[in-house]
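Residue numbers (my numbering): 109 to 332.
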């Protein structure tokens, strides 16, 4: 599975939107109704005004478009949270995309990645869990709104309920998509989400009036 090369095809902004799917019962004579929370909420993402400013950008964009084949194949979409993530005070961002020793990158424009924040699960979590314990070996204190991923699944911290040294008990959304073992790596530097195009023609670009373009593309979380 490929990751969208956000360091090469750079959008003006990246928006990750939690889409909640609550259900409501019938309305009583008094006009009241009960709303029931559902665990079926998903992430949606929008990459706004992706910069296609040279021929290499256009070729890379169209290569990804062909590989995805519309909504058929999944892709990893990274966040662009930067310094808002729990980086240590001594470093306000990630080390970015690292090339080979000769300065070259992979064919999709991406490079190697060096993490700064070091974190892992202090205990196992089961599928569907909404709480977990995370040990941060290197980084600032965790707080609500911090994003993280375990594997290819994206989560957001809603609350920090307990702190014991460098271990934080947190509530998160969405419910755990998959079980994870104690010691599993927790990605805070560049969280990512397994997604698919929202529409089959989501990467179609009209270049009839201009050689290059700044398209916006939308994705929805893939739960397979």
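Ideal Cβ placement from N, Cα and C applies to all residues, glycine included. Predicted model, so just to flag it, every value in this text is computed and none were measured.
Three-state secondary structure assigned by DSSP to residue i
{"i": "residue 326", "result": "strand"}
{"i": "residue 243", "result": "strand"}
{"i": "residue 228", "result": "strand"}
{"i": "residue 331", "result": "coil"}
{"i": "residue 192", "result": "helix"}
{"i": "residue 253", "result": "coil"}
Euclidean distance between Cα positions of residue i and residue j
{"i": "residue 175", "j": "residue 165", "result": "15 Å"}
{"i": "residue 293", "j": "residue 259", "result": "8 Å"}
{"i": "residue 126", "j": "residue 285", "result": "14 Å"}
{"i": "residue 206", "j": "residue 152", "result": "The predicted model places residue 206 with a pLDDT of 47, which falls under 50 and marks its position as unreliable; any figure quoted below should be read in that light. When rounded, the distance between both Cα atoms is 28 Å."}
{"i": "residue 240", "j": "residue 247", "result": "18 Å"}
{"i": "residue 117", "j": "residue 282", "result": "28 Å"}
{"i": "residue 311", "j": "residue 263", "result": "26 Å"}
{"i": "residue 279", "j": "residue 314", "result": "43 Å"}
Per DSSP, cross-strand counterpart(s) of residue i
{"i": "residue 278", "result": "240, 268"}
{"i": "residue 152", "result": "125, 328"}
* Asked: Are the stretch 220-240 and the stretch 276-296 touching, with three or more C-beta to C-beta distances below 8 Å?
  -> With the cut-off at 8 Å, the stretch 220-240 and the stretch 276-296 touch.
* Assess, as a yes-or-no matter, whether the stretch 189-198 is touched by the stretch 149-162 under the definition of 3 or more beta carbon pairs within less than 8 Å. => The stretch 189-198 and the stretch 149-162 do not touch, with fewer than three beta-carbon pairs separated by less than 8 Å.
* Asked: When the Cβ atoms of the stretch 266-274 are set against those of the stretch 302-314, are three or more pairs found closer than 8 Å?
  -> Counting C-beta pairs closer than 8 Å gives fewer than three between the stretch 266-274 and the stretch 302-314, which falls short of the contact rule.
* alpha helix (DSSP H) runs wholly inside the stretch 149-190, at least 4 long, in chain order -> Runs of the alpha helix (DSSP H) inside the stretch 149-190: 163-176.
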